Amino acid sequence: MTSGGADGTAAAGGGTTAWSPVRPRRILTVCLGNHCRCPVAAAVLARRGGDTVEVRSAGIRDTWAGHPAHPAMIAAAGHGYNLANHRGTTVTLDLLAWADVVLAMDNANLAALRDLLAAAPERTRITAEPVLYLGGREVPDPFGQDDEAFTACVRTIEAAAGHLP
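This is the structure we're talking about:
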């Protein structure tokens, strides 16, 4: 029988061995403002992944930092996703270092992420290479469009969520 200590070690047969719990896969979704696509993608991936993932979202620009995602919130609610607690966040090197997987919503976001990584200090440890969310296809930005564009965005993200690496 194995018993665990409060210090994160597990004793087996009288000896002590280091124990490390398996942590969830960390996914960062990134779009331009963290106001439409990536909050929805984070909600979809969190629901699909359950306890096996931890998902965060961030925007390239800080335009919506601290703000809720009103249009996306309404469209997401129609599909059973709750974005009520979402507040815009800007992508940082710390967030990129946190992530195992970085999903850009379009080619412009992907280029901006690569520029940010290229300018990062050498000591910054970032192992996740940003990839396009839909395996080479962009998620269209519904910003400034009608409700149907937001609903289509949610559907696109839901369809893509089952095809992630």
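For the sequence shown, the residue numbers in this note's numbering are 244 to 408. Even glycine gets a Cβ: it sits at the ideal position worked out from N, Cα and C. These figures come from a predicted structure and were not determined experimentally.
- Query: For leucine 375, which of helix, strand or coil comes out of DSSP?
  - Reply: It is a strand residue.
- Verify whether the separation of the beta carbon atoms of isoleucine 303 and leucine 336 is less than 8 Å. Not in contact: isoleucine 303 and leucine 336 (Cβ atoms no closer than 8 Å).
- Let me know if isoleucine 270 comes out buried or exposed under the rule of 16 or more other beta-carbons within 10 Å of its beta-carbon. The residue in question, isoleucine 270, is buried, as its Cβ has 16 or more Cβ neighbours within 10 Å.
- Message: Please report the distance separating the alpha-carbon of tryptophan 341 from that of arginine 330.
- Response: Their backbone Cα atoms lie some 19 Å apart in a straight line.
- What residue does the alpha helix (DSSP H) around glycine 292 start on, and which one ends it? Boundaries of the alpha helix (DSSP H) harbouring glycine 292: 280-292, taken from the DSSP string.
- Message: For tyrosine 357, report the span of its alpha helix (DSSP H) as first-last.
- Response: According to the sequence as given, residue 357 is arginine; it is not tyrosine. Annotation: the continuous alpha helix (DSSP H) that includes arginine 357 extends over 350-361.
- Contacting residues, own chain, Cβ-Cβ under 7 Å from alanine 289 (five flanking each side not counted): In chain order, Val296, Val298 place their CB closer than 7 Å to the CB of alanine 289, counting only its own chain and leaving out the 5 sequence neighbours on each side.
- Task: Measure the C-alpha to C-alpha separation of isoleucine 317 and asparagine 350 and round it to an integer number of angstroms.
- Result: So the two alpha carbons sit approximately 26 Å from each other.
- Query: Cβ of valine 374 within 8 Å of Cβ of cysteine 396?
  - Reply: No, they are not a contact pair.
- So does the region 277-286 actually touch the region 304-312, counting three or more Cβ pairs closer than 8 Å? Counting Cβ pairs under 8 Å, three or more are found: they touch.
- Message: In the DSSP assignment, the alpha helix (DSSP H) including leucine 339 goes from what residue to what residue?
- Response: Judged by DSSP secondary structure, leucine 339 falls within the alpha helix (DSSP H) whose first and last residues are 336-341.
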